[in-house]
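Structure, as structure tokens:
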Amino acid sequence: MPDGLTHALAGVLFARSKWFKGLPVSLLLIGALLPDVIQKPIESVFPQAEYYLLASHSVFLLVPLIAVIALMIRKPGFIKTFYLLGVGVLTHLGLDSLQYDYSGNYYPVFAPFSYARFGVNLYHSESWIFVLLFMICGILIAMLCAKARDKGNIR
């Protein structure tokens, strides 16, 4: 599932930035994978429910869901947990808005109020070339940042 790998890598890259230093990376990673964690297992067992599960990528479902998850996690507190999960979810939705599938569809981000689909046909959702390039760029950026941090050029 290259799509999930891309979402995970994007979450980790965001977590490595200076804005999230000292905060739990795992929460951002959970947020980056959350929409697919809801949709994919249920869809594989009940393929006829695919249309109903599209709402798993809707902000109207995800915002209350991450609020409930943030209430259940004691550390680092509700606000930080909600923020980290929210940034992870936004990276997921942002990446999904750049892709398309075989039928040319995107996810309806405003479901159930609107099933209009928004997106850009930048890459195919199962394109391994894009995943490979994204991973190589991400690894190179992480290596350069680690090298600069070791030299004291970055905090």
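Read in order, the letters of the sequence shown are residues 32 to 186 in the numbering used here. Backbone N, C-alpha and C fix where the C-beta goes; we use that ideal spot for every residue, glycine too. Small disclaimer: the values here were computed from a predicted structure and weren't measured.
In this structure, 62 is the residue among 108, 62, 168, 100 with its C-alpha nearest to the C-alpha of residue 122. Counting along the chain, the unbroken alpha helix (DSSP H) around residue 70 starts and ends at 56–76. Just measuring C-alpha positions, the residue of 49, 78, 130, 173 sitting nearest residue 35 is 130.
Residue 92 and residue 85 have their C-alpha atoms roughly 10 Å apart.
Distance from the Cα of residue 68 is smallest, within the candidate group 46, 128, 96, for 96. Only residues of its own chain outside the window of five on either side were considered, and among them none has a CB closer than 6 Å to the CB of residue 175.
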